[in-house]
Amino acid sequence: MTREAVSVEFEWRPIGEVQLEGQRLRFPTVADVPGAYRFKLTERVYIGETDRLRRRFQHYRTPGPSQSTNLRLNALIRERLAAGESVQVHTLTAAQVDTGSGPRQLDLTTKAARLLVENAALVFEEAAGTPIENL
């Protein structure tokens with residue numbers, strides 16, 4: 009039997025807050041690159057991954073009628089902002105993985121790498137006792 013281990017290291021970068029402009033959400037400006045994102049609501053977090061951050065935020069801003077997650081997050085963010093709370097946005101566009109032979113940069117253009125980072129971030133938040141909107 010072989011024992012294996014994987015370690016993931018990443019750093020969230022704050023990029024601003026979601027604003028409510030009239031009836032529409034306005035997200036902070038972000039590059040259209042692959043990565044992960046975290047919405048910090050007052051009492052919980054939502055973490056996701058995407059191959060294009062700017063496009064993903066646009067989908068939350070203007071969700072289509074069949075996009076249940078986008079609709080749910082749009083409504084939740086609007087509700088929190090209307091209640092006077094803030095919704096902070098953090099992104100990560102780089103991460104490292106170590107499988108025992110030293111750390112190396114993860115290629116976040118691959119879905120598997122983004123999912124690894126997203127799930128590591130979810131496990132970290134859950135272990136810290138942070139309520140998670142995803143689950």
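To convert, take the position in the sequence shown, counting from 1, and add 8; that gives my numbering. No residue lacks a Cβ here, since even glycine has one placed at the ideal position from N, Cα and C.
Which one or two residues does DSSP pair with residue i in a beta bridge?
i       : result
Gly-137 : Gly-137 pairs with nothing; no bridge assigned.
Leu-84  : Bridge partners of Leu-84: none, in fact.
Thr-99  : Arg-21, Tyr-45
Gln-113 : Gln-104
Ser-15  : Asp-106
Gly-56  : Tyr-45
Leu-33  : Leu-28
To the nearest whole angstrom, what separates the beta carbons of residue i and residue j, a pair I think is in contact under 8 Å?
i      : j      : result
Tyr-54 : Leu-89 : The Cβ separation is near 14 Å, so there is no contact.
Leu-28 : Glu-93 : Not really, about 11 Å apart at Cβ, beyond 8 Å.
Gly-43 : Thr-99 : 5 Å
Ile-47 : Val-95 : Per the sequence presented here, residue 47 reads as Phe, with Ile not at that position. Indeed they touch by this definition, with Cβ atoms about 6 Å apart.
Leu-33 : Val-41 : That belief does not hold up - the Cβ atoms of Leu-33 and Val-41 are roughly 21 Å apart, past 8 Å.
Thr-58 : Arg-52 : With a Cβ gap of about 20 Å, Thr-58 and Arg-52 do not count as contacting.
I need the boundaries of the alpha helix (DSSP H) containing residue i, first residue and last residue.
i      : result
Gln-66 : 61 to 69
Would you check if there are 3 or more beta carbon pairs closer than 8 Å linking the region 111 to 122 to the region 30 to 39?
no
The region 100 to 114 contacting the region 13 to 26, beta-carbon criterion three pairs below 8 Å:
yes
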